[in-house]
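Student: Start counting at 1 in the sequence shown, then tack on 52, and there's your number in our numbering. Virtual Cβ for every residue (Gly too), placed ideally from N, Cα, C. Here it is, the structure in full.
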Amino acid sequence: MPAVTLLFAFLAALLHVLFFLMESVFYMNPKVHRNFGVKKIEDAQTLRLTMFNQGFYNLFLSAGIFAGMYLLTTEHVTVGKTLILFNCASMFLAAVVLFVSKPNMLKGVFIQGLCPLLALITYLLANKAIQL
């Protein structure tokens, strides 16, 4: 797997760990929930459990990439590549869903989706899976 692909996948995983922290650990901090467009503390309280759950989704996506990276160092290289690519694709597609459902959160779309998209593109280009 190309080093540049691993770098983008690693950055995507780190960002999704940060999302986990923001959504599941620090969400009730007004500075944090305002980043998600939630201004009132009452609204943040209503969304708290939903955000807690969503944060764990992000953590599990990160764990899939980290597990895949570990497996690349073992005899399970194909499984490792599959985990990395699947989780990057899931992250990117979640960014697409965010764009479709909340187009005003374009900054979040790019933060969430750019690194996993670049990981996928660099992998495909390196493996000549697509021709330009």
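Could you tell me how far apart the beta carbons of glycine 165 and valine 148 are, in whole angstroms, since I believe they sit closer than 8 Å?
Tutor: With 8 Å as the limit, glycine 165 and valine 148 qualify as a contact, their Cβ atoms being about 7 Å apart.
Student: Could you check how far apart the C-beta atoms of leucine 111 and phenylalanine 62 are, in whole angstroms? I think they sit under 8 Å.
Tutor: Going by Cβ atoms, the distance from leucine 111 to phenylalanine 62 rounds to 15 Å, so no, they are not a contact pair.
Student: Could you check how far apart the C-beta atoms of cysteine 167 and leucine 101 are, in whole angstroms? I think they sit under 8 Å.
Tutor: In fact, because the Cβ distance is near 28 Å, the residues do not count as touching under 8 Å.
Student: In three-state DSSP terms, what is methionine 157?
Tutor: helix
Student: For the segment 151-164 against the segment 123-141, do three or more pairs of beta-carbon atoms, one drawn from each stretch, fall closer than 8 Å, so that the two count as touching?
Tutor: no
Student: So the alpha helix (DSSP H) tyrosine 109 belongs to, where does it begin and stop?
Tutor: 93-124
Student: Roughly how many angstroms lie between the CA atoms of proline 54 and leucine 124, to the nearest whole one?
Tutor: 11 Å
Student: Would you mind stating whether glycine 107 and tyrosine 79 have Cβ atoms separated by less than 9 Å?
Tutor: yes
Student: Within the continuous alpha helix (DSSP H) that includes phenylalanine 88, where are the two ends?
Tutor: It is not in any alpha helix (DSSP H) - phenylalanine 88 carries neither H nor E in the DSSP assignment.
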